Each structure stands twice: as C-alpha cells, then as structure tokens.
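The structure appears right after this line, and notes come after that.
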Amino acid sequence: MNEQPSYDRFPCIAAPAAPDSFWQGWESILERVRGEASRGARLLAVECYPGVFVDEIARVFAEALRPDLLLLTEDCYREPEEIARMVGRDLTGDPVFGRINGFTIRDFADPSRVAAQGGRLSNASGSLVAIVGTGTDLLAPHPDLLIYADLPRWEIQQRHRTNQASNLGARNPDEAPALKYKRGFFLDWRVADRIKKGLLGTLDFLLDTTDRDSPKMVTGEAFRNALRHSVTRPFRVVPFFDPGPWGGQWMRDICGLDEEAPNYAWCFDCVPEENSLRFDFGGACLEVPAIDLVFRHPRELLGEAVHARFGAEFPIRFDMLDTMGGGNLSLQVHPLTEYIQDKFGMAYTQDESYYLLDAADDAGVYLGLRPNIDRARMIRELGEAERGDRPFGAREFVNRWPAKRHDHFLIPAGTIHCSGRNSMVLEISATPYIFTFKLWDWARLGLDGKPRPIHLEHGLANIQWDRDADWVAGNLINRIQRVAEGPGWIEERTGLHEREFIETRRHWFDGPVPHETRGSVHVLNLVEGASAVVESPDGAFDDFVVHYAETFIVPAAVGKYIVRPLPNGASKCATIRASVRVCQ
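If you're matching positions, the sequence shown starts at 796 in the working numbering and goes up one per residue.
Right, dumping it as structure tokens:
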C-alpha cells in the first residue's frame, strides 16, 4: 500500500426524483397513505418480504388508518406442521443443504382458510380494508393501492440471529440461525422472489423496512426510475462484513470496521442476492435489495447473452476472505456441475479463484493433491478426523503453495483447496455460494462454540483425484499472459480455467485505460493504488470514484468506459476485471 485508503462502507447512488416522492418515518408515511385512502383507495395491500415485521406494520396501519377490516395473509396459510411436511423433502435433513424447488405462495395456502378470509373481504365491499403479509394476492390480486415492504437478506439474517424473525409459514424464532438461513435460501426467498418479480412493475409505493426505527417510502415511479438509472453507470452495492472462526484483522484497518468484533472473516462486496443498494433521494437514503435491480433490468445489467444463459441471476460473485492474523479456511471442495444439478437442483456450480490482495511472508494456498498419495488412506483419515479420533494431516495429502500479493490461483470445481493463514484473498467466483463441502476444519469450533458441519460424503464424491501438483502448477497458478497494451497501461489475462465461464483481466496503469463491456456485465476491484476514477468517454454518466479494495459493477449497457488514476492517487494502479466468457 502506498497511501492510506478510504474504503467506502456505505456507497450511495444519486437517484433522480420528483418532488413529493419520498417519505421518512411512520408519521409522514402514514399521512401519505391516508391521503390515498381519502382519494378513493379502499382496498390497500402491503406485500411483505419474509423477515419484515408484519405484526408491527399491521399495528401501525390499523392505528393510523382505522380500517373497517384488517386481514393478515398468515391467516390463510396451512398450519406450520403441515407446511413442514410439504417442504421436508426439498429442505432435507442436512443442516446446510437443501434442494432448489418450485414452491409458490399458493402451496402455503389452505384453500378453506383463503375462502373464509375471502368471504370476510366480500362482506366488507366498499369499506376501507387493509391486507398485510406475504402473498396478498391470495385475497386481492388487484388492490386499489399496493405497497411493497422490502428489506435486504443481510438484514433478514440479523433478525434471524437475534430471534426476532421466523421463516415463512413457520413459528421458529428460536431455531438455530443457520437452519433459518437454510430455509430462507431454499424456500422463503424463492417463494417471495416469484411474487416480487411480478410486482416490481406495478407497485404504487416501495417501503424500506431495513431500519426498524426509521422506515422510508418512495413512490413506485421514483423507485423504478432509480433502478433504471443504475444500469446506465458504474455502481457499488453495500458491502457487509462478518466474523468467522478463521477470521483475520486486515479488513478491520483497511475498511474502518468496528473494533468490538473479534475478527472479520468475510466481506461480501458483490453478492447481489444478499447485498443492498442505497439510493440518495435529495439527501434522504433508501436501502433496497440489490436483487431488485437484477429482476427489473436483467438485460441491461447482465447483457443479452448473459441473460439468455443465466436468466435474472447475477452470475459473478466477488468477496474478500481475511486470514491475516487468523487461521486456515476449512479444507474444501465445490461440486461438479452434474452433481450440483442432480443433488441440489442448481443450474451451475461454484467455480472460483483466489486473487491475493495481500499476503504475509508465510502465506500459502492449499490447492490440489500431492503426487502419488494413498487415496484409500486419505479417505480413511478424513473419516477418522470427522469422528474426532485424530487430526487430519493435510500437508501429507494436499499441496501447499507459497502465496504473495497479486498471485492468482484458479479453482475449478472438484479441486481440493483452501486459503492458508496470513492471506488476504479476493475471491472471484460463480454465484452458487453456499455449496462448499468442508472436508476438514482443523479441529476447531465455530463462533457459536459448536463444530461446523463437515460434508465428507459430498466432498469425496467430487474430488478430482488427478489434479496433482504437476497439473495444478501447469493449469491453475498464475496463468498470466499479456494480451494488450497502450499508452500508460498493460492488460493481462489471468484466467480463469477453461472449465470456468468467468474471464478475468488485470490492468496495470498510470494513465487512462479504455474498457468496453462487449455485451457482458463487468465486475472490477481496485487491487493496487489508493483511488481511481471511472469515466464515460462521451459524458453518459458522472465520474465515479473507487478506492483500494472496493468492488464495483459496470452494467453491460454502459458499453465503453475509462478507468484512470486520480491525480492525487498512487502513480501506479491495477484493477482485476471479471466478465462472462461466452460474451468475449
């Protein structure tokens, strides 16, 4: 590092907004809703993403509006035990993994209860009625006023961890957070996203419930304009950080994080399924799930060919893994494509790579198998380690390669791997991010004081035993090739492996570097230098400043853009850029 960086933990997008389109606090929000009722809106629906405090919203609406009838969608659901039986096969008994499924909110509904609540609604015809919860279209497919109450998945996870929220159709606030996350990932969020996709184009108001004490509301038109604005320029999602049993101390200093946490293991800096977007409406900030942008503008964001292949899913993930002063990651392997499709219903797998942002002198990466190992012995000793009979001698079976700053290790699915201690990894991967099969966790406990789940059966079914030291050295480590250069810049291809759909390019520069999306979304990180600016060659968007270690997204629709150092920044900068290879 040449200079002290200024990592921005709360990036915000300036959004175009008409006057009287944003409200903050329940008093002003409810005053606007009362105004809509006074102008003739009699049937009000508040559609809630799972994790929203439905009872609280119902209470404040009841007190402020005094509707003649208040209905909760949960009164239309089957009993939790019946829902549990219905979804049990797809949720499975595994503590981490389930199966992607096609459940909709109508599968949760009890027809007799829907009919009963529908009868109450019919009898209240012409009266002021409010319906609140997930699945309001069970009772009112075409309300007079539709408010969508939203929040990011990271906030949902915090509510799960503090026993403030249950899963959809369940009464489980005290269940282990990991199990609630699993149910959310495989069930709740899939069901709710199917609802959301159909409503983004028609909702009258978007209600941001991220901050319980300070709700915000924006008109549907202003919300959609903000999303449309986002795909015309570079932007950042809001990163979030989490401690872990192997976590380090590097991000605490570089990113300006809370001193109270024991460590920081992860930074999720580009995972739109869980990150959020912040929009600045004239000085007031709205926070919404970044996935809303993917759902609303997939073609402009991803590019036509990427959308054709992945649909409304963001296929590239950037995150940071900090073991500086910490420990090794778990020894692990990711599933092969056919395995993840067959066992878990996912369309593609988590190929990935480790780019070293920083490294101590003793840093290393475990990658691939040592030559001529005794496979049967390795399997036996992994089993003994899982049972707690003995530690697993990882160095006897797995290569450990020295690692230094700016090294790039490619990790196609099926390759045994983990980052060692005293490394700062920028992980560039495909998005199915929970499908990690732990083989050995170094005999340590999680932060909850319990052993973390080991997935030995899954892992052994996916290890590619022919990926030994020679193969890894020839295919996966620093496969760097200079491919272009110009005044003040050099472009290098750094991967990924031919089995992986992500292409990565590194640019070293002390002058302006031309880029072009060529039909694919770009994800970049400033891996060297204090700061840089992203410019439009024709003035299509305002200059966008990025700082060291920040990840940013350039939508496919942007086309041409330029990255250059700031005048007061370091003399030499570098970015690593990822795109989808099918569009190259």
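For every residue, glycine included, the Cβ atom is placed at its ideal position computed from N, Cα and C.
Since the structure is predicted, the reported quantities are computational estimates derived from the model, not experimental observations.
Local conformation of His937 per DSSP, three classes = Three-state DSSP puts His937 in coil, outside helix and strand.
query = Exposed or buried, Val1101, counting other C-beta atoms within 10 Å across all chains shown (16 or more means buried)?
reply = Taking every protein chain shown into account, the CB of Val1101 has 16 or more other CB atoms within 10 angstroms, so this residue is buried.
ask   = Are Asp1114 and Trp1061 closer than 9 angstroms when you measure CB to CB?
value = Contact annotation: Asp1114 and Trp1061 have beta-carbon atoms nearer than 9 angstroms.
task = May I ask you to list the residues that DSSP assigns as paired with Trp1303?
result = DSSP lists Ile1285, Ala1369 as partners of Trp1303.
message = Strictly by DSSP, which residues pair up with Ala1279?
response = DSSP lists Glu1286 as partners of Ala1279.
query = Rounded to a whole number of angstroms, what is the C-alpha to C-alpha distance between Trp1284 and Glu1311?
reply = The straight-line gap from Cα to Cα measures roughly 15 angstroms.
key: Proximity winner among Glu869, Val855, Ile900, Gly1039, relative to Leu1240 (alpha-carbon distances)   = Looking at the Cα atoms, Gly1039 is the closest of the given residues.
Check whether Val1316 and Ile1111 have beta carbons under 9 angstroms apart = Yes, Cβ-Cβ distance for Val1316 and Ile1111 is below 9 angstroms.
message = Distance check for Arg1172 and Val1353, CA to CA, integer angstroms please.
response = Those two C-alpha atoms are separated by around 54 angstroms.
message = On a Cα-Cα basis, can you pick out the residue from Gly1334, Cys1368, Pro890, Ala1325 that is closest to Ser801?
response = It is Ala1325 whose Cα lies nearest to the Cα of Ser801.
ask   = Terminal residues of the continuous beta strand (DSSP E) containing Glu1311?
value = Per DSSP, Glu1311 is one residue of the beta strand (DSSP E) stretching across 1308-1311.
query = Under the rule that 16 or more other beta-carbon atoms within 10 Å means buried, what is Lys1355, buried or exposed?
reply = Lys1355 is classed as exposed because its beta carbon has fewer than 16 other beta carbons within 10 Å across all chains shown.
request  = Can you give me the Cβ contacts of Lys1233 inside the same chain, cut-off strictly under 6 angstroms, excluding the 5 residues immediately before and after it?
outcome  = So the qualifying residues of the chain are Ser1125, Gln1127, Ile1249, His1250.
ask   = Nearest-angstrom Cα distance between Pro890 and Pro947?
value = Near 23 angstroms, if we compare the C-alpha coordinates of Pro947 and Pro890.
inquiry  = If you follow the beta strand (DSSP E) that Tyr1150 is in, where does it begin and where does it stop?
reply    = That run of the beta strand (DSSP E) goes 1147-1154.
query = So is Asn1194 buried or exposed if we call it buried at 16+ other beta carbons inside 10 Å?
reply = When all chains shown are included, Asn1194 counts as buried.
inquiry  = Looking at Ile878: is its Cβ nearer than 9 angstroms to the Cβ of Val927?
reply    = Not in contact: Ile878 and Val927 (Cβ atoms no closer than 9 angstroms).
task = Reducing DSSP to helix, strand and coil, say where His1092 ends up.
result = His1092 falls in the coil class under three-state DSSP.
key: Cβ-based burial, Asn958 [other Cβ within 10 Å; buried from 16]   = Counting of Cβ neighbours within 10 angstroms places Asn958 among the exposed residues, the total staying below 16.
ask   = In the stretch 876-936, which residue ranges form an unbroken alpha helix (DSSP H) of at least 4 residues, counting only runs that do not cross its ends?
value = For secondary structure counted as the alpha helix (DSSP H) over 4 or more consecutive residues, the stretch 876-936 holds these complete runs in sequence order: 900-903, 906-918.
query = Of the residues Gln952, Gly1269, Thr1210, Ser917, which one's Cα is nearest the Cα of Glu970?
reply = For Glu970, the nearest C-alpha among the options comes from Gln952.
request  = Check whether the stretch 835-842 touches the stretch 935-944, counting contact only when three or more Cβ pairs, one atom from each stretch, lie closer than 8 angstroms.
outcome  = Short answer: they touch.
Entirely enclosed alpha helix (DSSP H) segments - the stretch 1029-1111, minimum 4 residues = For the stretch 1029-1111, whole alpha helix (DSSP H) runs of length 4 or above, ordered along the chain, are 1045-1049, 1086-1091, 1093-1097, 1099-1105.
ask   = What residue range is occupied by the uninterrupted alpha helix (DSSP H) comprising Thr1132?
value = It spans 1132-1139 - the alpha helix (DSSP H) in which Thr1132 sits, taken as one unbroken run.
Given Gln819 as reference, the closest of Asp1008, Ser1224, Asp1064 once Cα atoms are compared = Gln819 has its Cα closest to that of Asp1008, out of Asp1008, Ser1224, Asp1064.
key: Alpha-carbon to alpha-carbon, Cys1213 and Gln1145   = Answer to the nearest angstrom: the Cα atoms are 14 angstroms apart.
Where the alpha helix (DSSP H) containing Ser1326 begins and where it ends = From DSSP, Ser1326 is part of no alpha helix (DSSP H) but of the beta strand (DSSP E) over 1326-1330.
query = Should the stretch 1145-1156 be called in touch with the stretch 1202-1221, which here means at least 3 C-beta pairs below 8 angstroms?
reply = With the cut-off at 8 angstroms, the stretch 1145-1156 and the stretch 1202-1221 touch.
ask   = Per DSSP, which one or two residues make a beta bridge with His1212?
value = His1212 pairs with Gln1127, Leu1162.
task = Assign Asn1273 to one of three DSSP states: helix, strand, or coil.
result = Three-state DSSP puts Asn1273 in coil, outside helix and strand.
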